[in-house]
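Report on one structure; see the data block that follows.
There are 2 protein chains.
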Amino acid sequence: MRSWLASANEEGCDFPIQNLPYGVFSTGDGVPRCGVAIGDRIVDLAVCEARGLINAEGAFGLPQLNGFIAQGRAKWDEIRARLTELLAEGGDESLPLVAMAEARLHLPIRVSEFTDFYASKNHAFNVGVLFRGPENALPAQWTHMPIGYNGRASSVVVSGTPIRRPMGQLKAEEGPVWSPCRRLDLELELGAIVGGDSELGERVSVAEAERMIFGYVLLNDWSARDVQAWEYQPLGPFQAKALGTTISPWIVTQAALEPFRCEGAERVNPLLPYLQEDQPGFYDLTVGWSLNGQRMAQTNYNVMYYSSAQQLAHHTSSGCPMRVGDLLGSGTISGPERDQTGALLEMTGGGKTPVTVNGEERRFLEDGDEVGLFAHAEGQGYRIGFGPCTGRILPAKE
Amino acid sequence: MRSWLASANEEGCDFPIQNLPYGVFSTGDGVPRCGVAIGDRIVDLAVCEARGLINAEGAFGLPQLNGFIAQGRAKWDEIRARLTELLAEGGDESLPLVAMAEARLHLPIRVSEFTDFYASKNHAFNVGVLFRGPENALPAQWTHMPIGYNGRASSVVVSGTPIRRPMGQLKAEEGPVWSPCRRLDLELELGAIVGGDSELGERVSVAEAERMIFGYVLLNDWSARDVQAWEYQPLGPFQAKALGTTISPWIVTQAALEPFRCEGAERVNPLLPYLQEDQPGFYDLTVGWSLNGQRMAQTNYNVMYYSSAQQLAHHTSSGCPMRVGDLLGSGTISGPERDQTGALLEMTGGGKTPVTVNGEERRFLEDGDEVGLFAHAEGQGYRIGFGPCTGRILPAKE
Numbered sequence: 001m002r003s004w005l006a007s008a009n010e011e012g013c014d015f016p017i018q019n020l021p022y023g024v025f026s027t028g029d030g031v032p033r034c035g036v037a038i039g040d041r042i043v044d045l046a047v048c049e050a051r052g053l054i055n056a057e058g059a060f061g062l063p064q065l066n067g068f069i070a071q072g073r074a075k076w077d078e079i080r081a082r083l084t085e086l087l088a089e090g091g092d093e094s095l096p097l098v099a100m101a102e103a104r105l106h107l108p109i110r111v112s113e114f115t116d117f118y119a120s121k122n123h124a125f126n127v128g129v130l131f132r133g134p135e136n137a138l139p140a141q142w143t144h145m146p147i148g149y150n151g152r153a154s155s156v157v158v159s160g161t162p163i164r165r166p167m168g169q170l171k172a173e174e175g176p177v178w179s180p181c182r183r184l185d186l187e188l189e190l191g192a193i194v195g196g197d198s199e200l201g202e203r204v205s206v207a208e209a210e211r212m213i214f215g216y217v218l219l220n221d222w223s224a225r226d227v228q229a230w231e232y233q234p235l236g237p238f239q240a241k242a243l244g245t246t247i248s249p250w251i252v253t254q255a256a257l258e259p260f261r262c263e264g265a266e267r268v269n270p271l272l273p274y275l276q277e278d279q280p281g282f283y284d285l286t287v288g289w290s291l292n293g294q295r296m297a298q299t300n301y302n303v304m305y306y307s308s309a310q311q312l313a314h315h316t317s318s319g320c321p322m323r324v325g326d327l328l329g330s331g332t333i334s335g336p337e338r339d340q341t342g343a344l345l346e347m348t349g350g351g352k353t354p355v356t357v358n359g360e361e362r363r364f365l366e367d368g369d370e371v372g373l374f375a376h377a378e379g380q381g382y383r384i385g386f387g388p389c390t391g392r393i394l395p396a397k398e
Numbered sequence: 001m002r003s004w005l006a007s008a009n010e011e012g013c014d015f016p017i018q019n020l021p022y023g024v025f026s027t028g029d030g031v032p033r034c035g036v037a038i039g040d041r042i043v044d045l046a047v048c049e050a051r052g053l054i055n056a057e058g059a060f061g062l063p064q065l066n067g068f069i070a071q072g073r074a075k076w077d078e079i080r081a082r083l084t085e086l087l088a089e090g091g092d093e094s095l096p097l098v099a100m101a102e103a104r105l106h107l108p109i110r111v112s113e114f115t116d117f118y119a120s121k122n123h124a125f126n127v128g129v130l131f132r133g134p135e136n137a138l139p140a141q142w143t144h145m146p147i148g149y150n151g152r153a154s155s156v157v158v159s160g161t162p163i164r165r166p167m168g169q170l171k172a173e174e175g176p177v178w179s180p181c182r183r184l185d186l187e188l189e190l191g192a193i194v195g196g197d198s199e200l201g202e203r204v205s206v207a208e209a210e211r212m213i214f215g216y217v218l219l220n221d222w223s224a225r226d227v228q229a230w231e232y233q234p235l236g237p238f239q240a241k242a243l244g245t246t247i248s249p250w251i252v253t254q255a256a257l258e259p260f261r262c263e264g265a266e267r268v269n270p271l272l273p274y275l276q277e278d279q280p281g282f283y284d285l286t287v288g289w290s291l292n293g294q295r296m297a298q299t300n301y302n303v304m305y306y307s308s309a310q311q312l313a314h315h316t317s318s319g320c321p322m323r324v325g326d327l328l329g330s331g332t333i334s335g336p337e338r339d340q341t342g343a344l345l346e347m348t349g350g351g352k353t354p355v356t357v358n359g360e361e362r363r364f365l366e367d368g369d370e371v372g373l374f375a376h377a378e379g380q381g382y383r384i385g386f387g388p389c390t391g392r393i394l395p396a397k398e
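Quick look at the structure:
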């Protein structure tokens, strides 16, 4: 299928008519509202709704997508079908479009809560070796449950937001010192956006969880490794992960990814029934990251061991209520090879083996460095892209 | 100082004119609005505002206190002074009062995010011995920083809400089993309510943090100890702490607690400058808990090692943004003796030494058990009480 908008049909375009990701944008008038990316344009959904072309009870005029997402899967399907019709060849060429180059992109959702998981076995093992040695690298429960921890929703920012190198307590010979972080790192992840609520004391099955996921963004869980090493036992990472988490502005819907559904990593042991799925929960998605414009690593989302649906189901296993706008980080996506790792910690073996970036040595991130994440699925004659997810490091405020 | 309302002057009353804690209530009409507890009554602040007696820009008509709290300390002081004037002997006896016995109490704030700390050295040591043995009981960084983890705001409920025993993965000989939690526990804590915002990349000093705290509630961080033991390494507790966290409905303001400010536990080593305080950050508060009506333990909040202000300052040490409505759990409050411990895990030595409750043996909580927390400060001829914070255990849904 092709669009009447030429830029949507160009080879390598992230946003063809098969994608239609949702975001929040503003233009000169400064009023954030909801839109859908198509080619090099944004469909202004607030104006579409005002013209009576679509109906989401006014939710598209709001500065985040939560109101639309909360209307549920039948509404998501209805709007997607209607936009496909309007944007297809022979559709409505008078649709209100905004040039993406002239728009400012905002955080697409009000993040209710943020949970980060740990679902790449390669990453869990590699990082485990560095933090705890090879004997204790993979925690005993790792192949039985998606290990996760609650992150800090207030620190989630949209692509392009500068990231300040944090200060923190670092371990030293004679007790801790107060210092700028010396081992600042990225984490290449996908983030799943929860599109429904659940009640306290209720559990959600994996099948129900699949239907509760609205879509996915790229997610960079910036990490202060030295702060983390000193603080994280026994209650987990805290300030090491609160300096900022960057997400991409466009939410690629589960509907757009459906043709790319695939199996994940091979299971080491059977899962308990509440985590078993009746369909594969992963996507054949190329993912990777660059540093100062140089491509550093590329792998596939299908290396992961637990899907977002399994993570969401586990998240409710104790009866924890979930809410529209909850963000679930997949965990760092790392393949087995060095050029497939989603964090510098892994790539440099804990800073021991530097990498070369545009002729300069890097063990961890330096001030001024810019990290970009990417992800895309390749369809028949089209690509489902996620668009950019970038952040540049500012020097610490001492 | 005394009130014209006789019940506020009775001996042992939790809510004399010196207290004036804020909450959210509804009556027969079912519309939640803000109020202040006085004696056995609630001052209907929405009606007070409608009558022009006080002014908070309409915030008291809302179903949570966030809008009022966000107006800042000068407004808190203004309203407290005005209510004191109206409620004192010689004040306004036509104030709109509601009988507390006829009101339903709601969650007083929309909890933005919930963080739980670990600031009683007795508790940290006792629990550390049980989880990791005496050599590794107190983590190396414990005396240098307030260790905390992010909890789940969506699971915070108001006193009286039933708590469902969770299902979960429990460790067993031949791999984990799916089972109702067998080691369900309480945690006696105070919760600090953050009353101001901070920005990404900015830090808050301990002195600024003191001024950002609006007040305190009782907090029971229900814990599934067996789920916790299997899941918590390396990223910290997750589902073990997401089954529900109960808070008391009345927020006792920092202003009401000010006369009871005192030192906490003795320091083992100097703190880094960003954690040092120029005034004591604790309160002389009797705290304790009961099980099925029997008093089980009583201690004092002044056993704690880190104050809420220090915890809040540390929370921003990496530049993490804080928001009005953030809830900071103090950590379990335990004195050194068995009848001063704030959790059954400690009191029974990990379930080894049962306690007797109304003639029945208890190692952990049974279905139907009701836990109540209490706290109060004793002034000259008055008591600043927190009111009840209760929850009853429902059987698991298998």
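Here the protein sequences come in this chain order: A and B.
Take 1 as the starting number for the first sequence in the UniProt record's numbering and just add one per residue.
Take 1 as the starting number for the second sequence in the UniProt record's numbering and just add one per residue.
A virtual CB, placed ideally from N, CA and C, is assigned to each residue, including glycine.
Item, Value
"By the 9 Å beta-carbon criterion, what residues does the segment 201-225 of chain A contribute toward chain B?", "Gly201, Glu202, Arg203, Ala224"
"Name the chain B residues whose beta carbon is nearer than 8 Å to that of residue 402 of chain A?", "In the structure displayed, chain A extends from 1 to 398; residue 402 of chain A sits before or after that span and is not available."
"How many whole angstroms separate the CB atoms of A/Ser308 and A/Ile213, which I take to be in contact at a CB cut-off of 8 Å?", "6 Å"
"Have a look at A/Glu266 and A/Met1 and give me their C-alpha separation to the nearest angstrom.", "35 Å"
"Restricting to Cα atoms, I'd like to know which of A/Met145, A/Val129, A/Val157, A/Arg383 is closest to A/Ala229.", "A/Val129"
"Of all the CB atoms in chain B, is at least one closer than 8 Å to the CB of A/Ala242?", "yes"
"Suppose you measure from the CA of A/Arg80 to the CA of B/Gly331; what does that come to, to the nearest Å?", "47 Å"
"Determine the extent of the alpha helix (DSSP H) in which A/Val129 is found, giving its start and end residues.", "121-132"
"May I ask you to report which of helix, strand or coil DSSP gives A/Val303?", "helix"
"Who are the neighbours of B/Ala153 on chain A, taking C-beta pairs under 7 Å?", "Glu113"
"Closest to A/Phe15 by CA distance: which of A/Thr390, A/Arg132, A/Phe386 is it?", "A/Phe386"
"For A/Phe364, return the contacting residues in chain B, with the cut-off set at a CB-CB distance below 7 Å.", "The contacting residues do not exist; A/Phe364 stays about 16 Å from chain B at best."
"Grab the span of the beta strand (DSSP E) containing A/His376 for me, first residue to last.", "370-378"
"Tell me, please, whether the segment 251-262 of chain A touches the segment 82-93 of chain A by the rule of three or more beta-carbon pairs shorter than 8 Å.", "no"
"Could you tell me which residues DSSP puts in a beta bridge with B/Lys353?", "In the sequence as displayed, the identity of residue 353 of chain B is Thr instead of Lys. DSSP output for B/Thr353 lists no bridge partner at all."
"Relative to the C-alpha of B/Thr316, which candidate in A/Ile54, A/Glu199, A/Pro166, A/Ser159 has its C-alpha closest?", "A/Pro166"
"On a CA-only basis, which of A/Ala50, A/Pro108, A/Arg392, A/Ala56 is nearest A/Ala74? Give me that one, please.", "A/Ala56"
"For A/Ser248, which residues in chain B fall below 8 Å Cβ to Cβ?", "Near A/Ser248 there are no residues of chain B at all, since even the closest Cβ is about 18 Å away, more than 8 Å."
"Grab the span of the beta strand (DSSP E) containing A/Phe214 for me, first residue to last.", "213-220"
"Any Cβ of chain A within less than 8 Å of the Cβ of B/Gly160?", "no"
"Which chain A residues sit within Cβ distance under 8 Å of B/Glu231?", "Gln141, Met145, Ile147"
"Quick one: which residues of the segment 101-129 of chain B get their C-beta closer than 7 Å to a C-beta of chain A? List them in chain order.", "Glu113, Tyr118"
"Pair every Cβ in the segment 203-219 of chain B with every Cβ in the segment 381-395 of chain B, then say whether three or more of these pairs are closer than 8 Å.", "yes"
"Using DSSP bridges, identify the partner residues of B/Arg295.", "B/Ser290"
"Could you tell me whether any Cβ in chain A is nearer than 8 Å to the Cβ of B/Ser318?", "yes"
"With a threshold of 8 Å between beta carbons, is B/Tyr305 in contact with chain A?", "no"
"Does the beta carbon of B/Leu184 sit closer than 8 Å to a beta carbon anywhere in chain A?", "no"
"Using the Cα positions of A/Gly381 and A/Trp4, report the straight-line distance between them to the nearest angstrom.", "16 Å"
"Restricting to Cα atoms, I'd like to know which of B/Phe114, B/His106, B/Ser223, B/Ile54 is closest to B/Asp92.", "B/Ile54"
"For the alpha helix (DSSP H) containing B/Cys34, list its first residue and its last residue.", "B/Cys34 -> not in any alpha helix (DSSP H); beta strand (DSSP E) instead, spanning 33-38."
"Smallest Cα separation from B/His106: which of B/Ile42, B/Val24, B/Ala172, B/Ile193?", "B/Val24"
"Please list the terminal residues of the continuous alpha helix (DSSP H) segment that includes B/Leu95.", "No alpha helix (DSSP H) holds B/Leu95; DSSP gives it neither H nor E."
"Report yes or no: do three or more beta-carbon pairs, one from the segment 311-328 of chain B and one from the segment 136-144 of chain B, lie closer than 8 Å?", "no"
"Please confirm if the segment 286-306 of chain B is in contact with the segment 165-182 of chain B, defined as three or more CB-CB distances below 8 Å between the two stretches.", "no"
"Mind listing, in chain order, the continuous alpha helix (DSSP H) runs of no fewer than 4 residues lying wholly within the segment 50-122 of chain B?", "66-69, 73-87"
"Quick check on DSSP: helix, strand or coil for B/Asp44?", "strand"
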